[in-house]
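Notes follow the structure.
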Amino acid sequence: MTLSVPHNFNFWRTVYSHGWCSLPPFLVDKETRTLRIVFDVGPGDPAGVEVCQPRRGILAIKAQRGTLSSPGKRRLLEGLRTVLRLDEDLSEFYAQARRHGRFRWVSRMGAGRLLRAPTVFEDVVKMICTTNCSWALTETMVNRLCAKLGRSEGVHTDTRHDFRLHSPHVRPLKDFGPQAGFAFPQPEAVADCSEKFLRKEIHAGYRAPYLLQLSRRVVKGQLDLESWRTVDAPTEELYKEVSSVKGVGPYAAGNILKLLGRYDYLAIDSWCRKTFFEIHKNGRRTNDRIIERFYEPFGKWKGLFFWMDLTKSWYEHDVPF
DNA sequence: GCGTCCAGGTCTACC
DNA sequence: GGTAGACCTGGACGC
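One rule links them: number in the numbering used here = place in the first sequence (from 1) + 3.
In C-alpha cells form, the structure reads like this:
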C-alpha cells in the first residue's frame, strides 16, 4: 500500500522525534530506515506493518503476514495517520518558527511531529512507565507488557492469559522481545492482572496499582481516554483531567498533552533541565521558573518549541540514538 | 558477589 | 500552598 503525506512531512524525523520509536510495538530498522509497528486496533488479529518513505510525499506500507481485508486496511491506514500525526496542522507553528532565527531549521527539516501510539491508553501507560526511573527500566517495563500481555500478530488464541494471575510458570522473556511481533496490550489484559504480577513480572514496582487503576477505569467505562484526542475543552481543563490519573504528575501530564496535540506545557524532567542548562546556561543550574519564562513568548506552542530546542542536536545525525 | 548509595517523578501526610 | 519522606528499580561504586 502507499499513503500520500504532506509535502514537508519528514518520516524519519517523525520516527526519531522522541524515545517512543525504541519501545515496542515499534521497532526501527536503521539500515533500511523502516519503522515496524504491530497494530491491535479493532476486531481481528493484530497486524504487523513496515513503513518507509521511498520519496517525498509518499509512504510505502507493507503488511507482514497474509492479506488484509478492506476494513482492516482502512483501520491500518487510519492508525498510521494517527501515529505519524499526518492530520495535524502545524502551519501556524512553522510560521512562528520561521520568525525566530533560532528555530528556522524546524520547518526546513520538517520537524515537530511527535510520534505517538495508536491509542491514548498506550501513550498514558508508557508515560507512567517513564516516570521516576532510567530509560532502561522503561524499556524493560514496556517490553514485558507487550511480551506477556500483548496479543501476537496472527495468533488467534492467547494462551498466555493463563499465567497472568500469580502462576509460577511464566514463560521466559527471551521467547518474546520486540522482534517477536507482539502488540501493546489492550486495557482488558492489564485490568485482568494482579498487582503482584505487574510489580514482579512487569517490573512496574510501585507503579503497579496506578496501571491497574487506570486500566480498570477504562474497562469499566469510567474513563474515556480516547476522547482526549478530539475533545474541544480548553487545554487547562484537559490538563486537570489528565493529571487526575494516579501516577500522572506535571511531567507526565505535560507530555501526554503534547501527544494529544496541545503544547501549552513544557513537561520538564531531569534530562530537559540538564540539557537546557547546557544549551543556555553553560551548564549552570537554574530553577524551572527560569526555563518557563524563557519559552513564555512562544505562547500555546511553547512546549513544542521547548522540545525542538532541546533536541536540535539530534537532527545533526541520521540516527540520533 | 554482595552491600550501599543514588537518581528518577509522584503521592500522601503534615505544617 | 509548600515541604518531607516513602515508593521501587537498576546502575555505579567500593569492598
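Where is the CB? At the ideal position from N, CA and C, for every residue including glycine.
Task: Which listed residue (E204, V41, C132, E319) has its alpha carbon closest to that of G82 - done: V41
TODO: To the nearest angstrom, report how far apart R84 and T17 are at their CA atoms.
DONE: 12 Å
Task: Strand pairing of I61, partner residues [DSSP] - done: S7, R58
TODO: Kindly indicate which residue of Y97, S155, R39, S110 has the alpha-carbon position closest to the one of W23.
DONE: R39
Open item on the list: Assuming contact is defined by CB atoms lying nearer than 7 Å, are A255 and M144 in contact in what I supplied?
Closed with: no
Open item on the list: I believe F185 touches C132 by the beta-carbon criterion, under 8 Å. Please report the beta-carbon distance rounded to the nearest angstrom.
Closed with: Not really, about 16 Å apart at Cβ, beyond 8 Å.
TODO: Return the first residue and the last residue of the alpha helix (DSSP H) that T17 is part of.
DONE: 14-18
- [ ] Taking F42 as part of the beta strand (DSSP E), name the residues at either end of that continuous run.
- [x] 37-42
Task: Sub-7 Å separation of A211 and L201 beta-carbons - done: yes
TODO: Would you mind giving the Cβ-Cβ distance between T233 and R265, rounded to the nearest angstrom? I have them listed as a contact below 8 Å.
DONE: With 8 Å as the limit, T233 and R265 do not qualify as a contact, their Cβ atoms being about 12 Å apart.
Task: P190 beta carbon less than 7 Å from that of L152 - done: no
Open item on the list: I believe L307 touches K277 by the beta-carbon criterion, under 8 Å. Please report the beta-carbon distance rounded to the nearest angstrom.
Closed with: The Cβ separation is near 20 Å, so there is no contact.
TODO: Give the straight-line distance between the Cα atoms of H106 and R296, rounded to the nearest whole angstrom.
DONE: The residue asked about is misnamed: residue 106 is Phe in this sequence, not His. Computed Cα separation, rounded: 17 Å.
- [ ] Mark F324 as exposed unless 16 or more other C-beta atoms lie within 10 angstroms of its C-beta, in which case mark it buried.
- [x] exposed
Open item on the list: Quick test of your reading: A326 and E156, contact by CB under 8 Å. State the CB separation rounded to the nearest angstrom.
Closed with: This structure leaves residue 326 out entirely; the chain is present only between 4 and 324.
- [ ] Can you have a look at H169 and say buried or exposed, based on whether 16 or more other CB atoms are within 10 angstroms of its CB?
- [x] Reliability fails at H169, whose pLDDT of 30 lies under 50, so the model's placement of it is uncertain and no value is given.
Task: Distance, D48 Cα to T5 Cα - done: 22 Å
Task: Those residues which DSSP pairs with A66 across a bridge - done: V52
Task: Residue range of the beta strand (DSSP E) that includes V31 - done: 29-32
Task: With 16 other Cβ atoms within 10 Å as the buried cut-off, status of W108 - done: exposed
- [ ] Identify every residue that forms a DSSP beta bridge with F185.
- [x] S155
Task: C-beta atoms of L62 and V8 nearer than 7 Å - done: yes
Task: Neighbourhood of K76 by C-beta distance below 8 Å, restricted to the same chain and skipping five residues each side - done: M4
TODO: Can you tell me which of V222, C275, L140, S218 puts its alpha carbon nearest to the alpha carbon of T289?
DONE: C275
Task: Where the alpha helix (DSSP H) containing E240 begins and where it ends - done: 238-246
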